[in-house]
Every structure is written in C-alpha cells, then in structure tokens.
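Participant: Chains as they are written, first to last, in the working numbering: chain A, 1 to 187; chain B, 188 to 289; chain C, 290 to 840.
Structure incoming, see below.
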Amino acid sequence: MPLIKDSQIVEDVWTSLDDGAPLAPGVWPIVSLERWQAERETLMEAGVPIGLRLRSDQSPRAIAEELEHFGVIALAFPKFTDGRPYSSARLLRERYGFTGELRAVGHVLRDQALFLLRCGFDAFEVAPDTSPDAWRAALAKIKVRYQSAADHRSTAGRLSRKAVRPAQARTPALSLEPEPCAASWAY
Amino acid sequence: MTAQIVTANRLGDGAVIYLGRDDIWGERLGGAAVARSQDEAAALLARAEAPAHRTNVVGPYLMDVIDEATAPRPASNRENIRALGPTVRSDLGRQAEIPGRR
Amino acid sequence: MYRYDEFDHTFVEERVAQFREQVARRLSGELTEDEFKPLRLMNGLYLQLHAYMLRVAVPYGTLSSQQMRKLAHIARRYDKGYGHFTTRQNIQFNWPKLEEAADILAELAEVEMHAIQTSGNCIRNVTADHFAGAAADEIEDPRVTAEVIRQWSSLHPEFSFLPRKFKVAVTGASNDRAAIKVHDIGLQMVRDARGRAGFKVIVGGGLGRTPLIGETIREFLPKRYLLSYLEAILRVYNELGRRDNIYKARIKILVKEIGAKAFAEMVEKEWQFLKDWDVDLPDEEFARIQAYFAPPPFDDLPAVTASFEAQRFENRDFARWVRNNVDAHKAPGYAIVTVSLKPEGGVPGDATAAQMEAVADLAARYSFDEIRVSHEQNLVLAHVRQADLYAVWQGLIAAELASANAGLISDIISCPGLDYCNLATARSIPVAQRISRRFADIERQHDIGGLKLKISGCINACGHHHVGHIGILGVDKKGQEFYQITLGGNADENAVLGRIVGPAFSYDTVVDAVETIVDTYLGQRRNGEAFNQTLARVGFDPFKEKLYAPH
Numbered sequence: 001m002p003l004i005k006d007s008q009i010v011e012d013v014w015t016s017l018d019d020g021a022p023l024a025p026g027v028w029p030i031v032s033l034e035r036w037q038a039e040r041e042t043l044m045e046a047g048v049p050i051g052l053r054l055r056s057d058q059s060p061r062a063i064a065e066e067l068e069h070f071g072v073i074a075l076a077f078p079k080f081t082d083g084r085p086y087s088s089a090r091l092l093r094e095r096y097g098f099t100g101e102l103r104a105v106g107h108v109l110r111d112q113a114l115f116l117l118r119c120g121f122d123a124f125e126v127a128p129d130t131s132p133d134a135w136r137a138a139l140a141k142i143k144v145r146y147q148s149a150a151d152h153r154s155t156a157g158r159l160s161r162k163a164v165r166p167a168q169a170r171t172p173a174l175s176l177e178p179e180p181c182a183a184s185w186a187y
Numbered sequence: 188m189t190a191q192i193v194t195a196n197r198l199g200d201g202a203v204i205y206l207g208r209d210d211i212w213g214e215r216l217g218g219a220a221v222a223r224s225q226d227e228a229a230a231l232l233a234r235a236e237a238p239a240h241r242t243n244v245v246g247p248y249l250m251d252v253i254d255e256a257t258a259p260r261p262a263s264n265r266e267n268i269r270a271l272g273p274t275v276r277s278d279l280g281r282q283a284e285i286p287g288r289r
Numbered sequence: 290m291y292r293y294d295e296f297d298h299t300f301v302e303e304r305v306a307q308f309r310e311q312v313a314r315r316l317s318g319e320l321t322e323d324e325f326k327p328l329r330l331m332n333g334l335y336l337q338l339h340a341y342m343l344r345v346a347v348p349y350g351t352l353s354s355q356q357m358r359k360l361a362h363i364a365r366r367y368d369k370g371y372g373h374f375t376t377r378q379n380i381q382f383n384w385p386k387l388e389e390a391a392d393i394l395a396e397l398a399e400v401e402m403h404a405i406q407t408s409g410n411c412i413r414n415v416t417a418d419h420f421a422g423a424a425a426d427e428i429e430d431p432r433v434t435a436e437v438i439r440q441w442s443s444l445h446p447e448f449s450f451l452p453r454k455f456k457v458a459v460t461g462a463s464n465d466r467a468a469i470k471v472h473d474i475g476l477q478m479v480r481d482a483r484g485r486a487g488f489k490v491i492v493g494g495g496l497g498r499t500p501l502i503g504e505t506i507r508e509f510l511p512k513r514y515l516l517s518y519l520e521a522i523l524r525v526y527n528e529l530g531r532r533d534n535i536y537k538a539r540i541k542i543l544v545k546e547i548g549a550k551a552f553a554e555m556v557e558k559e560w561q562f563l564k565d566w567d568v569d570l571p572d573e574e575f576a577r578i579q580a581y582f583a584p585p586p587f588d589d590l591p592a593v594t595a596s597f598e599a600q601r602f603e604n605r606d607f608a609r610w611v612r613n614n615v616d617a618h619k620a621p622g623y624a625i626v627t628v629s630l631k632p633e634g635g636v637p638g639d640a641t642a643a644q645m646e647a648v649a650d651l652a653a654r655y656s657f658d659e660i661r662v663s664h665e666q667n668l669v670l671a672h673v674r675q676a677d678l679y680a681v682w683q684g685l686i687a688a689e690l691a692s693a694n695a696g697l698i699s700d701i702i703s704c705p706g707l708d709y710c711n712l713a714t715a716r717s718i719p720v721a722q723r724i725s726r727r728f729a730d731i732e733r734q735h736d737i738g739g740l741k742l743k744i745s746g747c748i749n750a751c752g753h754h755h756v757g758h759i760g761i762l763g764v765d766k767k768g769q770e771f772y773q774i775t776l777g778g779n780a781d782e783n784a785v786l787g788r789i790v791g792p793a794f795s796y797d798t799v800v801d802a803v804e805t806i807v808d809t810y811l812g813q814r815r816n817g818e819a820f821n822q823t824l825a826r827v828g829f830d831p832f833k834e835k836l837y838a839p840h
C-alpha cells in the first residue's frame with residue numbers, strides 16, 4: 001500500500017509482519033500488540049527499530065509505559081466509520097507524548113484526512129490508486145477549525161517538527177491564524 | 188413466486204423510477220419490466236445494476252408487485268406511497284397527474 | 290442572536306465549495322453512490338421515499354427574520370413551496386434535487402446557515418429551550434452554552450465517527466421545555482451553594498428501540514469546565530460505546546450496561562487529564578459569545594397593559610388564543626407567543642413559504658427580529674409587547690396560523706411517517722390529522738386541558754411517543770398499519786416513559802381509541818387533575834376496560 005507523509009508518496013521503511021512471520025535481518029517490523037506482549041524480549045534484542053500495530057478495539061492505554069520502544073505506531077481503521085483510532089491518536093500524542101510516527105492504516109480515505117491530521121496522525125497508508133495531489137487538495141479544502149486538538153498543542157510530537165507557537169496563540173480554538181504545525185504535517 | 192419489478196431513485200433529482208423492458212428507466216410503474224421467476228428477477232436486478240446506470244440511478248432494488256392483466260401494481264403500502272406520492276398531499280407526486288385522484 | 294464572524298463564514302463557504310465539487314464528482318461518475326452517500330449525509334442530504342430530503346440545522350431553534358425568509362425562498366425556488374419543522378428544532382425540505390443541493394447550501398450560507406452535522410454518527414444540532422432568553426424561570430440563556438457546544442462540535446476531529454449519532458439539549462431553567470432527560474447529554478443550568486452558575490449533567494437518555502430516561506452523572510459542573518467535561522464524556526463513549534450492533538450503539542446502552550455510577554467515575558478520571566488543558570474556552574471567548582445573546586432592548590413597561598386587557602375582555606377568540614398560546618415573559622409588559630403549526634386537519638410542523646414569510650414579518654415588526662422553532666414543532670415569537678399581541682394575532686389569522694391550541698390535544702407532535710420517510714413502518718401524519726379533526730371543537734379541547742399526544746411512524750420514535758401523555762406508535766402487521774398506544778409518558782423535568790395499554794389498534798379504530806381514552810380520563814378526573822395525575826391515581830384498568838370491552 002502506498003504511504004503518504006507530508007502529502008508525498010514515500011518509501012515505507014517498515015514492514016508489517018503477521019504474527020507467525022519470522023523476523024528478518026535488516027527488516028524493521030510492525031507487530032501486533034499480541035506479538036509484542038508475547039515476544040517482547042526477542043523483539044527488543046533483534047537490533048532493529050520496532051513498530052506496533054493496534055486494532056481499533058485495542059487502547060493505547062495498555063502500552064502507555066512502553067512507548068519509548070516504538071518508532072512507529074500503526075492504528076488500524078477496519079472501516080472509516082470506526083472512530084476509535086482518533087481517540088487513540090490524541091491519547092498517544094497529547095497524554096503520553098508519543099513522538100514517533102503515527103500511522104493510519106486500513107480503510108483510510110482522503111475525506112478523513114483533515115480529521116486524521118488534527119488528531120496527530122502523520123503517516124497514511126492509502127488505497128493503491130490514491131493520488132497525493134488529491135490528498136493534498138482534500139487537506140486544503142477546509143482550513144478553519146473550531147476546537148483545539150492534537151495539532152494545536154505543544155506536544156512532543158509537534159516540538160520535533162516546529163517551534164512552539166506563542167503562548168497566546170495556543171488556546172483560542174477560534175482564530176483564523178495559520179497553524180504551522182498542522183501545515184508541516186500537511187505539506 | 189410473487190412477481191417483481193426493479194425500482195430506484197434517479198440520481199439527479201431523486202425521483203422514483205422503474206426499470207422498463209428496454210433497459211430504460213421511467214417514472215411510470217406501469218411501464219416496468221416484470222420478473223415472474225427468481226431467475227428473471229436476478230437477471231432484471233443485474234441489468235439494473237449495470238455500470239451504465241450507475242451515473243444516473245441510485246439504489247436499485249426488487250419490489251413485489253401484484254401482477255394484473257393491465258399493469259402491475261405495488262404489493263406493499265410503502266411502494267404504493269412511493270409510486271403515488273404522500274397520502275396527505277394529493278397535489279404532490281405521481282398521483283397529482285392521475286385524473287380523478289385529486 | 291449569534292452572528293457569524295469571518296471565521297464562521299469561511300467555514301461554511303469552504304464546505305459549500307467542497308460539497309459542490311463532491312456532487313460534481315458523483316454526477317460525472319467519478320464517485321460511486323457508496324462513496325458519495327456518507328459525503329452527502331454529512332451535508333444533511335438524505336434520500337427518502339419520494340426524493341432527496343435536505344435537513345437544515347437551526348442551531349438551538351433560533352432564526353432571524355432574514356433566515357426565515359431565506360427558508361421560504363428555498364421552499365419556493367428549490368422545493369414544492371413548503372418545509373417541515375422537526376422535533377430537533379430543524380427544518381426539512383422534502384423535494385430538493387441533488388443537482389441543486391450545492392446552490393441551496395450556498396443560499397443558506399448567505400444567511401449564516403448550513404446543513405452540516407444534521408446526519409451521521411456525530412454530534413448533531415444542539416437543541417435548547419425555545420423560551421430561552423424570555424422565560425421567567427431562567428438562570429441564564431441556554432443558547433450561550435448551546436452556541437459554545439455548536440462551535441466546539443463542528444467538524445470535531447475526534448468525534449465525527451462516533452458509534453452512533455449524538456444529541457445534546459440544554460435548558461437554562463428548572464422547568465424543562467427541552468426534554469433534556471431523553472437526550473444523549475442533557476444540561477440543566479443550576480446554581481451551587483455559593484450562587485455560581487453551572488450545569489447539572491444528565492447522560493444516557495433517549496427514545497427509540499430502547500427508551501431510557503437519562504441519569505445524572507454530575508450535580509454541578511462549573512461553567513468554565515463545560516467543554517473539557519463534554520470531551521471526557523465523548524471520549525469514554527467513543528472508546529467504549531458498542532460498534533457491533535447499531536441498536537446498541539447509543540451512549541444510553543453503554544451507561545445502562547456499566548451503570549451510571551461507574552460511567553461517571555470513568556468520565557471524572559478522563560476529565561482530570563483534560564480539565565486544565567486548553568479544551569475549555571477562555572473567559573473572554575465565552576464572554577464574546579455571550580454578548581451575542583444579550584437581552585434585546587426591552588422598553589420599561591408596566592406589568593399590566595390596559596389596552597391588552599381590554600382587547601382580551603372584548604374578544605373571546607383573542608382571549609382564548611392568549612390563554613393557550615401566550616406565556617409569561619421575564620420582562621414586564623412583554624409576552625411569549627407560540628405560533629401553532631397544528632391547524633385542524635393540517636400536517637404537524639409543516640409551513641408554507643407564505644406562512645414562513647408572514648412569521649418573519651411579524652417577528653421583524655413585533656419581536657426583535659427573532660423566531661424560535663420548538664421541539665414540539667411550533668414556532669415562537671419570544672419577545673412581543675402585550676400591547677402588540679392583538680396585532681400579532683390578527684397577522685397570524687391572516688396567515689392561517691392562529692390555532693389557539695398550544696399544549697392541547699390537537700397540538701400533536703408527529704414524525705413524517707410512511708408518507709415521506711424511508712424508515713417508517715406506518716403513516717403518522719394522517720392519524721394526527723384525523724385526531725385533530727375529531728377534537729376540532731376548541732371548547733372541548735379546553736375542557737380536556739393540557740394533553741401531550743405524540744405519534745411516531747416507527748420504533749425510532751422521532752415523534753417522541755414514549756414521552757407523550759398519550760403516545761401512538763405505528764407498526765406494520767402483515768402489510769396492515771396498526772397503532773400501539775402508550776399512556777402516562779412525560780418529557781419535562783419529571784420525565785417518565787409511557788406504558789403500553791394493550792393490543793394495538795387498526796388505522797380505522799385508533800382515533801376512536803384515543804377518544805375513548807380521553808373520555809375515560811374526563812370521567813375519572815377529580816379536581817382539575819392533569820391526565821397523568823388521574824392515570825397515576827386510577828391506574829390503567831379503567832382505560833383497558835373501556836378500550837377492550839367486548840362490544
């Protein structure tokens with residue numbers, strides 16, 4: 001599946017592994033929560049970065065203490081109408097300070113792009129025929145936002161990309177100001 | 188089995204339409220092609236769902252009709268109301284065009 | 290009332306442009322119906338029995354005259370000359386074309402309206418007391434709160450794909466006119482021991498297949514924490530609400546399954562993390578919104594207006610209309626007018642373009658340019674001078690809107706039912722029409738007194754039948770319409786669900802059954818008891834005996 005980051009198709013350095021599939025040298029695996037919990041020691045000794053995959057019914061609260069082990073967390077949308085990963089993303093970014101890649105996988109549509117971005121996702125596995133231009137255009141359609149969310153806050157994820165905005169600009173949900181952080185994820 | 192026809196709504200304006208014998212959709216239920224066996228019904232629905240119709244038709248489905256000599260008529264209240272218009276507004280829907288119904 | 294600023298204008302204009310492009314993609318075949326359907330629903334465009342249906346949001350039921358005139362224009366130009374006001378204080382157009390939907394939305398945007406979030410599993414239009422800002426028993430105007438929630442919930446990135454739709458209602462008064470106990474969240478303004486304003490928070494009410502009265506999960510929430518607390522509730526629901534079964538996906542099922550106490554504890558825990566972050570509005574932003582709802586410049590008037598008293602004395606019809614359709618106002622010399630959309634034999638909640646314009650004109654002239662839509666499917670002119678009531682009444686007579694039946698048996702709530710709705714199993718409007726004709730004698734209605742009759746055409750209960758004093762639910766039995774009757778429901782601060790009285794009645798006998806129930810009540814009534822009081826005292830048996838006696 002093509003991976004979009006910063007509105008570009010990028011090469012995916014990670015490999016999503018089924019639970020039975022063996023680790024291979026040099027392969028950066030994304031593993032299920034079950035596999036992580038069962039093979040934690042083995043995975044940590046493999047000498048490669050580890051990614052974690054959560055189903056929509058698996059809360060990130062379960063791994064809040066272990067985030068430093070993951071370079072990427074993939075949150076799965078079984079259908080685009082399953083909104084649980086939005087909450088998971090905000091928890092990971094805002095409460096637990098996860099700074100790695102937060103990837104939306106599964107049924108990911110451009111009409112949801114803005115919501116995803118605003119909740120803290122910064123990578124999107126999309127259908128093979130998705131054009132990055134259409135993705136970029138979808139994000140450009142709606143610029144205003146009424147409420148603070150993960151893209152407003154000086155989370156660690158944001159600090160790693162952009163300077164913190166001035167303090168007075170942080171709180172108002174109601175302003176037309178450009179959002180440097182959101183923009184950096186969008187383009 | 189109960190006789191069936193295919194109905195849908197027209198994409199552009201939402202009007203209730205029926206699939207006719209020549210694969211042409213029309214607003215007259217009387218002009219609908221009637222299926223009298225399961226095979227015929229499946230074939231009729233398949234024709235309705237053909238890619239050519241997807242840009243002008245929404246949600247085609249089979250509905251039961253009472254197969255009378257002159258023309259089919261809807262078997263259910265719901266389809267009767269769909270075919271004619273709201274029972275509380277005889278000036279609206281197809282019923283408004285039928286002489287003597289207003 | 291609230292006015293859009295540059296930000297709000299940009300928001301709706303962007304959405305119109307986006308939807309116009311999506312419609313074009315659908316019409317050209319680039320989008321399939323499966324892909325397009327969720328997009329049109331996000332803009333309030335449904336496909337119903339006969340045609341598309343556009344549901345336009347009327348935030349907390351408040352409209353300006355200009356907005357009402359625009360709705361009339363849309364009814365005339367793009368529809369079939371009328372609109373339907375709903376129990377969610379919205380308006381529905383029954384015959385719009387997809388090809389013109391973006392044009393309609395653009396027209397709405399001109400008057401600061403839209404159809405966003407009137408469908409889908411998101412936070413829907415926030416409703417409020419239709420007497421807001423006018424009621425004598427009010428702590429604060431609930432529309433300030435409702436507007437704050439409207440803004441916060443608009444395109445909320447986390448809560449746009451909830452397990453199911455989500456409805457919030459707000460009242461600023463102790464008398465609940467907004468049915469807050471049958472909403473996903475009900476907020477009632479209260480004061481704490483120190484006199485500060487805040488909210489009692491009620492969660493998990495709702496009607497439909499599993500009717501439940503909401504549970505209070507917090508007796509007092511300081512006003513400034515409104516949004517963080519709502520965000521905590523919504524997050525718990527988004528994470529834990531059931532997604533495996535559409536009939537069990539509302540928050541009421543979650544609250545019921547884990548218990549209100551356990552649910553409250555989860556919300557409180559979540560809230561501890563959210564409350565002092567930046568979810569809540571800063572005081573100055575709250576004040577900015579509040580300023581829009583400042584009371585209009587009322588004149589300093591005596592509490593009693595001599596001319597009005599004289600008119601009432603001289604004209605019996607006027608006096609009757611005043612008695613039923615006019616309520617006390619908090620400002621001396623003013624009154625609240627309920628404009629009944631329930632004429633004898635009419636369609637409850639329907640208004641023609643001309644009627645909308647007539648009400649807009651009356652509001653412009655006599656009520657500070659403001660109109661309300663009530664969840665009981667009537668309109669309200671909230672701030673009329675007593676001295677102008679007679680002129681308003683005359684204007685309403687001319688527009689055929691002067692039915693003096695507010696709160697009486699013919700002031701029926703009815704969903705569109707099988708005459709329009711794709712989900713309905715039976716018709717509801719014709720039942721309402723026949724009941725209103727049967728009880729057409731207004732003297733008889735007055736004698737019966739206040740009585741809430743509510744009709745739904747399917748189990749989804751858009752007509753609120755569970756909370757009618759008399760509730761009617763239309764069902765389909767082998768192709769025939771039947772009507773199940775519930776008694777004893779109530780939607781106000783003492784909300785309670787009605788109970789089924791017995792086997793259902795046919796379409797032909799249901800009106801007789803209603804009359805039998807009313808006559809039984811009148812026969813049993815003591816000392817001016819209301820219907821539910823008599824029912825509570827005598828029980829269901831006298832009603833059953835009369836209804837199901839062998840003939």
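In this text, a Cβ means the ideal position worked out from N, Cα and C, and glycines have one as well.
It should be emphasised that the depicted structure is a prediction, and the values quoted were computed from it without experimental measurement.
Looking at the C-beta of Pro273 of chain B, does it have a partner C-beta in chain C at a distance below 8 Å?
Facilitator: yes
Participant: Provide the residue(s) that pair with Arg788 of chain C in DSSP beta bridges, ordered along the chain.
Facilitator: In the DSSP assignment, Arg788 of chain C is bridged to C:Leu776.
Participant: CA-CA distance, Leu515 of chain C and Phe562 of chain C?
Facilitator: 14 Å
Participant: Would you say Ala237 of chain B and Leu231 of chain B are within 8 Å of each other, going by their C-beta atoms?
Facilitator: no
Participant: Taking the Cβ atom as the reference point for each residue, do Ser242 of chain C and Tyr291 of chain C lie within a distance shorter than 8 Å?
Facilitator: No information on residue 242 of chain C is available, as it lies outside the stretch 290 to 840 that chain C covers here.
Participant: Whole angstroms is fine: what's the gap from Ala802 of chain C's alpha carbon to Pro831 of chain C's?
Facilitator: 13 Å
Participant: Going along the chain, which residues of the stretch 297 to 312 of chain C sit with their C-beta nearer than 9 Å to a C-beta in chain A?
Facilitator: Asp297, Thr299, Phe300, Glu303, Arg304, Ala306, Gln307, Glu310 and Gln311
Participant: For Ala721 of chain C, count neighbouring Cβ atoms within 10 angstroms of its own Cβ and tell me buried if that reaches 16, exposed if not.
Facilitator: Its Cβ being crowded by 16 or more others within 10 Å, Ala721 of chain C is buried.
Participant: Taking C-alpha atoms, which residue in C:Val790, C:Val626, C:Val669 and C:Leu712 lies nearest to Gln675 of chain C?
Facilitator: C:Val626
Participant: If I'm right that Ser692 of chain C touches Ile724 of chain C with Cβ under 8 Å, what's the distance once you round it to whole angstroms?
Facilitator: Going by Cβ atoms, the distance from Ser692 of chain C to Ile724 of chain C rounds to 14 Å, so no, they are not a contact pair.
Participant: Rounded to the nearest angstrom, how far is the Cβ of Ala283 of chain B from that of Gly272 of chain B, given a contact under 8 Å?
Facilitator: About 7 Å separates the CB atoms of Ala283 of chain B and Gly272 of chain B; that is less than 8 Å, so the two are in contact.
Participant: Quick check on Asp294 of chain C: does DSSP put it in helix, strand or coil?
Facilitator: coil
Participant: Check His69 of chain A in the structure and name its three-state DSSP category.
Facilitator: helix
Participant: Distance check for Ala521 of chain C and Gly157 of chain A, CA to CA, integer angstroms please.
Facilitator: Caution applies to Gly157 of chain A, whose pLDDT of 25 falls short of 50 and renders its modelled position unreliable; the value that the coordinates give is listed next. Computed Cα separation, rounded: 22 Å.
Participant: Run through chain A and tell me which residues come within less than 8 Å of Leu444 of chain C, C-beta to C-beta.
Facilitator: Leu114, Phe115, Ile142, Arg145 and Tyr146
Participant: With DSSP as the reference, identify every bridge partner of Ala486 of chain C, one or two as the case may be.
Facilitator: C:Arg480
Participant: According to the neighbour-count rule (16 or more other Cβ atoms, all chains shown, within 10 Å of its Cβ), is Glu255 of chain B buried or exposed?
Facilitator: Result: exposed.
Participant: Quick check on the DSSP output: the alpha helix (DSSP H) that includes Arg327 of chain C runs from which residue to which?
Facilitator: Per the sequence shown, the amino acid found at residue 327 of chain C is Pro instead of Arg. It spans Glu322 to Met331 - the alpha helix (DSSP H) in which Pro327 of chain C sits, taken as one unbroken run.
Participant: For Leu836 of chain C versus Val790 of chain C, is the C-beta spacing smaller than 8 Å?
Facilitator: In this structure, Val790 of chain C lies closer than 8 Å to Leu836 of chain C by Cβ.
Participant: Show which residues of chain A have a CB atom less than 9 Å away from the CB atom of Ser449 of chain C.
Facilitator: The answer, in chain order, is Gly83, Tyr86, Gln112 and Phe115.
Participant: Check Ala190 of chain B in the structure and name its three-state DSSP category.
Facilitator: Looking at Ala190 of chain B - three-state DSSP - the assignment turns out to be strand.
Participant: Determine the burial state of Asn527 of chain C: buried for a count of at least 16 other Cβ atoms within 10 Å of its Cβ, exposed for fewer.
Facilitator: buried
Participant: According to the Cβ coordinates, are Asn821 of chain C and His758 of chain C closer than 8 Å?
Facilitator: With contacts defined as CB atoms closer than 8 Å, Asn821 of chain C and His758 of chain C qualify as a contacting pair.
Participant: When we look at the beta-carbon of Asn783 of chain C and count the other beta-carbons within 10 Å, is it buried (16 or more) or exposed?
Facilitator: Counting of Cβ neighbours within 10 angstroms places Asn783 of chain C among the exposed residues, the total staying below 16.
Participant: Within a Cβ cutoff of 6 Å, which residues of the same chain sit near Ala617 of chain C, ignoring the five residues on either side of it in sequence?
Facilitator: Non-local C-beta neighbours of Ala617 of chain C in its own chain, meaning closer than 6 Å and more than five positions away in sequence, comprise Ala425, ordered along the chain.
Participant: Whose Cβ in chain C lies nearer than 8 Å to the Cβ of Thr242 of chain B?
Facilitator: Leu316, Ser317 and Gly318
Participant: Where does Phe300 of chain C sit, in a helix, a strand or coil, going by DSSP?
Facilitator: Reduced to three states, the DSSP call for Phe300 of chain C is helix.
Participant: Less than 8 Å between the C-beta atoms of Leu690 of chain C and Ala750 of chain C, yes or no?
Facilitator: no
Participant: Looking at the strands, I want to know which residues DSSP matches up with Arg103 of chain A.
Facilitator: A:Ala74 and A:Ala123
Participant: Let me confirm a value: Asn816 of chain C is counted as buried when at least 16 other C-beta atoms fall within 10 Å, else exposed. Which label applies?
Facilitator: exposed
Participant: Are Val400 of chain C and Gln355 of chain C close, meaning C-beta to C-beta below 8 Å?
Facilitator: Contact: yes.
Participant: Do we get a CB-CB distance below 8 Å when we pair Glu399 of chain C with the residues of chain A?
Facilitator: no
Participant: Quick check on the burial criterion: 16 or more other C-beta atoms within 10 angstroms. Buried or exposed for Ala599 of chain C?
Facilitator: exposed
Participant: Between Gln734 of chain C and the rest of its own chain, which residues show a CB-CB distance below 7 Å, the 5 nearest in sequence each way excluded?
Facilitator: Asn694, Leu697, Ile698, Ser699 and Phe728
Participant: Select from C:Gln381, C:Ile412, C:Leu343 and C:Phe794 the residue whose C-alpha is nearest the C-alpha of Gly638 of chain C.
Facilitator: C:Gln381
Participant: Looking at the C-beta of His403 of chain C, does it have a partner C-beta in chain B at a distance below 8 Å?
Facilitator: no
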